[in-house]
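K.L.:
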Amino acid sequence: MNIIETQALTRRFGDLTAVDGIDLSVPAGEVFGLLGPNGAGKTTAIKMLTTLLPPTSGRAWVAGFDVERQSARVRAAIGYVPQLVSVDGALTAYENLLIFAKLYGVPRSERRGRIAASLEFVGLEEAAHRMVRGYSGGMMRRLEIALAMLHRPRVLFLDEPTVGLDPVARQVVWQRVQSLVQEFGMTIFLTTHFMEEADHLCDRVAIMNLGRVVALGQPEDLKASMGRADATLDEVFAHYTGHQLDNGGNFREISRTRRTLARLG
Amino acid sequence: MAAFARQCLALAEMELRKLRHDPTELATRALQPTLWLAVFGEVFTRIRAIPTTGQMRYLDFLAPGVLAQSVLFIGIFYGIAVIWERDLGIVHKLLVSPAPRVALVLGKALSGGVRGLSQGVAVYLLSWFLGVGINWRPAALAGVAVAILLGAATFSTFSLIIACIVRTRERFMGIGQVLTMPLFFASNAVYPIAIMPNWLKVAAHLNPLTYEVDAMRALMVRGGSSIFGLGLDFTVLLAATLAMAAIASRLYANLVR
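For the protein sequence lines, the chains are G and D, in the order given.
Under our numbering, think of the first position of the first sequence as 1, with each following residue one higher.
Under our numbering, think of the first position of the second sequence as 1001, with each following residue one higher.
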């Protein structure tokens, strides 16, 4: 059984069709990437899968539960690292974890242990009692991973996990994501517009453009389909999206992304 | 049920911990009540411009109004905090947690209450310093605390509803101003209902702030009494809180569209 399944999943905002009938199947334990330019519909798709947005039509199931009709059970089974900074700068890392441990119903006897284990997993034990406001972008992202894995979800959703991070911080995040799969058997669903991220991390990749999935497969296979030995994922991308430049996005999204970058940088 | 309470309390705890890290906000928020009581209150007491019911000095009449006003302002400010970019990611996380929308909203309302209580302490100290005859009996203090909690919960949830509808900071600023001042002046915070023109009396009777002030006036100062009766005051406040919470629960998810 696939741990994530969508069937003609669609989301419209008035006249705009942000996600146009996508069909995805992700088996357990896979690292699956949704790759595409800004405005392709990736964030909308991930919002539907994490129950933040109801679909306009079509259906989706996460961990066996329908995202619309069994949304509470989906939420209990998933972790989510949004694109926007989602940790509270006015608290310490430990406090952020404590509040979410309580929200997720981690039993009191296990809380300290879980929090300590999560902090250790992302390498933040020493900084645990410092205010998050003083954290670097990489540290914030690592804390967000620690938060998302606290309740040992079966699926972890990551929306543009390394945007705005320097190369070192990015490597650390990639390593942590891979460890999550190896140590906890988590399924990872991420969105990105970085080719090398999709190439490096993902078992399979779906290329999205203008709301549709235009290509789907393992990175090596997609590159091979270009017919050359040294094709890059960039070329694959350009090929399947028709060399389009600006699909648009919108002002709010872009300024918001830039503000996120400013906070992480 | 226990999980629900735990989730609400977790959100309130978040607020408490933030306050513990940075209590200076309490001092800056005390500025406005200081101006109202120490300047406006003193002046109007002297010139006896506003007739208060009974023998109460105007400053004593005003103090509960100022308390309610500062709680109102904190509540309305709350909505802006929610739609500031820095908190939006956190809203995403909260909405993806297993906590039901109602728990999130009530937790936020409780957080507003916590901030209101800290403000209450400031106004009490200020009033006492200015010579207001404070009622220090524990039952009275407890009653005021409940009135603050419910009042703060009502208005911060109301503010949250506005935030969910307008969704941008600019629009919220515009609407926030438009709503706060009328709420304040169409109440018995600064003057008794008896001296209002009829149209204002009607508005005041429909305003939850009026009942909050009425309860506070009865409980905060010595010799104070309630026009509507404490039973009605607290019932109105409770009903207002629950009504706001119900609406906000429906709208909360709009923040992340």
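Just so you know, even glycine gets a beta-carbon here, dropped at the ideal spot from N, CA and C.
Being a predicted model, the structure only gives us computed values, none of them experimental.
For Ser109/G, count neighbouring Cβ atoms within 10 angstroms of its own Cβ and tell me buried if that reaches 16, exposed if not.
P.N.:
Position 109 of the first sequence, counted from the first residue, corresponds to residue 109/G. Ser109/G is exposed by the Cβ-count criterion.
K.L.:
Please name the residue in Arg1017/D, Phe1184/D, Ile1083/D, Leu1106/D whose C-alpha comes closest to that of Ala1005/D.
P.N.:
The sequence position of residue 1005/D within the second sequence is 5, counting from 1. Answer by Cα proximity: Leu1106/D.
K.L.:
Which one of Ile1165/D, Ala1109/D, Lys1093/D has the shortest CA to CA distance from Pro82/G?
P.N.:
The residue labelled residue 82/G in the question sits at position 82 within the first sequence. Considering only alpha carbons, the answer is Lys1093/D.
K.L.:
Which of the three DSSP states is assigned to Glu1170/D in this structure?
P.N.:
For the purposes of this step, residue 1170/D is taken as residue 170 along the second sequence, with counting starting at 1. Three-state DSSP puts Glu1170/D in a helix.
K.L.:
Quick one: grab the DSSP three-state call for Glu5/G.
P.N.:
In the first sequence, counting from the first residue as 1, residue 5/G sits at position 5. Note: Glu5/G maps to strand in three-state DSSP.
K.L.:
Relative to the alpha-carbon of Asp267/G, which residue among Thr6/G, Thr56/G, Ala8/G has its alpha-carbon at the smallest distance?
P.N.:
The shown model of chain G, from 1 to 265, leaves out residue 267/G, and the question about it has no answer.
K.L.:
Under 7 Å Cβ-Cβ, which residues of chain D neighbour Tyr104/G?
P.N.:
Along the first sequence, read from residue 1 onward, the residue named residue 104/G stands at position 104. Going along chain D in sequence order, the residues near Tyr104/G (Cβ under 7 Å) are Ser1097, Pro1098.
K.L.:
Per DSSP, which residues does Ser25/G bridge with? Please list them.
P.N.:
Translated into positions along the first sequence, residue 25/G becomes position 25. Beta-bridge pairing links Ser25/G to Glu5/G.
K.L.:
Report the CB separation of Val214/G from Thr241/G in whole angstroms; it is logged as a contact under 8 Å.
P.N.:
For the purposes of this step, residue 214/G is identified with residue 214 of the first sequence, where counting begins at 1. For the purposes of this step, residue 241/G is identified with residue 241 of the first sequence, where counting begins at 1. Yes, Val214/G and Thr241/G are in contact; Cβ-Cβ is about 6 Å, under 8 Å.
K.L.:
Select from the stretch 39-70 of chain G all residues with a C-beta closer than 8 Å to any C-beta belonging to chain D, and list them in chain order.
P.N.:
Under the 8 Å Cβ criterion, the stretch 39-70 of chain G contributes Lys47, Thr50, Thr51, Leu52, Leu53.
K.L.:
Along the chain, where does the alpha helix (DSSP H) that runs through Met208/G open and close?
P.N.:
For the purposes of this step, residue 208/G is taken as the residue at position 208 of the first sequence. Here Met208/G belongs to no alpha helix (DSSP H); instead the beta strand (DSSP E) covers 204-209.
K.L.:
In angstroms with no decimal places, state the Cα-to-Cα distance between Leu1095/D and Trp61/G.
P.N.:
Locating residue 1095/D in the second sequence gives position 95, counting from the first residue. Locating residue 61/G in the first sequence gives position 61, counting from the first residue. C-alpha separation (whole angstroms): 18 Å.
K.L.:
Mind checking who Arg59/G pairs with in its DSSP beta bridge?
P.N.:
As a first step, residue 59/G must be located in the first sequence, where it is residue number 59. Gln7/G, per the DSSP bridge assignment.
K.L.:
Straight-line CA distance for Gln218/G to Thr51/G?
P.N.:
Looking up residue 218/G in the first sequence gives position 218. Looking up residue 51/G in the first sequence gives position 51. Near 27 Å, if we compare the C-alpha coordinates of Thr51/G and Gln218/G.
K.L.:
If Ile22/G sits next to Val155/G, beta carbons under 8 Å apart, how far is it from one beta carbon to the other, in whole angstroms?
P.N.:
Counting from one through the first sequence, the residue named residue 22/G turns up at place 22. Counting from one through the first sequence, the residue named residue 155/G turns up at place 155. Not confirmed; about 17 Å, so no contact.
K.L.:
Could you have a look at Ala1206/D and say whether DSSP puts it in helix, strand or coil?
P.N.:
The count along the second sequence starts at 1 and reaches residue 1206/D at position 206. Position check: residue 1206/D holds Leu in this sequence, whereas Ala was assumed. Note: Leu1206/D maps to coil in three-state DSSP.
K.L.:
To be precise: take each residue of the stretch 1212-1241 of chain D, compare its Cβ to all Cβ atoms of chain G, and keep it if any distance is under 8 Å. Which residues remain?
P.N.:
Under the 8 Å Cβ criterion, the stretch 1212-1241 of chain D contributes no residue.
K.L.:
Going along chain G, which residues have a C-beta under 9 Å from Glu1170/D?
P.N.:
Position 170 of the second sequence, counted from the first residue, corresponds to residue 1170/D. The premise fails here: Glu1170/D is roughly 11 Å from chain G at the closest Cβ pair, so nothing lies under 9 Å.
K.L.:
So if I threshold CB-CB distances at 7 Å, which residues from the stretch 1114-1136 of chain D count as touching chain G?
P.N.:
Residues: none.
K.L.:
What residue does the beta strand (DSSP E) around Ala217/G start on, and which one ends it?
P.N.:
On the first sequence, position 217 is the one that residue 217/G refers to. According to the sequence provided, residue 217/G is Gly. The question's Ala does not apply to it. Looking at the DSSP string, the run of the beta strand (DSSP E) that includes Gly217/G is 212-217.
K.L.:
Provide the residue span of the beta strand (DSSP E) that contains Ile145/G, from first to last.
P.N.:
The residue given as residue 145/G occupies position 145 in the first sequence. First-last for Ile145/G: 137-149, but that is the alpha helix (DSSP H), not the beta strand (DSSP E).
K.L.:
Taking the alpha carbon of Cys1164/D as the point to measure from, which residue in Tyr1252/D, Val1114/D, Leu1067/D, Tyr1191/D has its own alpha carbon closest?
P.N.:
Within the second sequence, residue 1164/D is the residue found at index 164, counting from 1. Comparing Cα positions, the closest option is Tyr1252/D.
K.L.:
So what's Ile78/G in DSSP terms, helix, strand or just coil?
P.N.:
Sequence index remark: in the first sequence, residue 78/G carries index 78 (1-based). Here Ile78/G sits in strand by DSSP.
K.L.:
Hey, could you find the ends of the beta strand (DSSP E) Val106/G is sitting in?
P.N.:
Numbered from 1 along the first sequence, position 106 holds the residue referred to as residue 106/G. Looking at the DSSP string, Val106/G is not in any beta strand (DSSP E), and its letter there is neither H nor E.
K.L.:
Against chain G, with Cβ distances strictly below 8 Å, would Ala1248/D count as a contact?
P.N.:
For the purposes of this step, residue 1248/D is identified with residue 248 of the second sequence, where counting begins at 1. Not an interface residue.
K.L.:
With Val1043/D as the anchor, note down where its alpha helix (DSSP H) starts and where it stops.
P.N.:
Residue mapping note: residue 1043/D aligns to position 43 of the second sequence, counting from 1. Note, Val1043/D: alpha helix (DSSP H), 1042-1047.
K.L.:
Out of Ile1090/D, Val1102/D, Val1256/D, which has the shortest C-alpha to C-alpha gap to Ala72/G?
P.N.:
As a working note, residue 72/G is residue 72 in the first sequence. Out of Ile1090/D, Val1102/D, Val1256/D, Val1102/D has the C-alpha closest to the C-alpha of Ala72/G.
K.L.:
Any beta carbon of chain D sitting closer than 8 Å to that of Asp15/G?
P.N.:
Taking the first residue of the first sequence as 1, we reach residue 15/G at position 15. No, Asp15/G lies away from the interface with chain D (no Cβ there is under 8 Å from its Cβ).
K.L.:
For Arg1167/D and Gln1177/D, I'd like the C-alpha separation in whole angstroms.
P.N.:
As a first step, residue 1167/D must be located in the second sequence, where it is residue number 167. As a first step, residue 1177/D must be located in the second sequence, where it is residue number 177. Looking at the two C-alpha atoms, the distance is approximately 16 Å.
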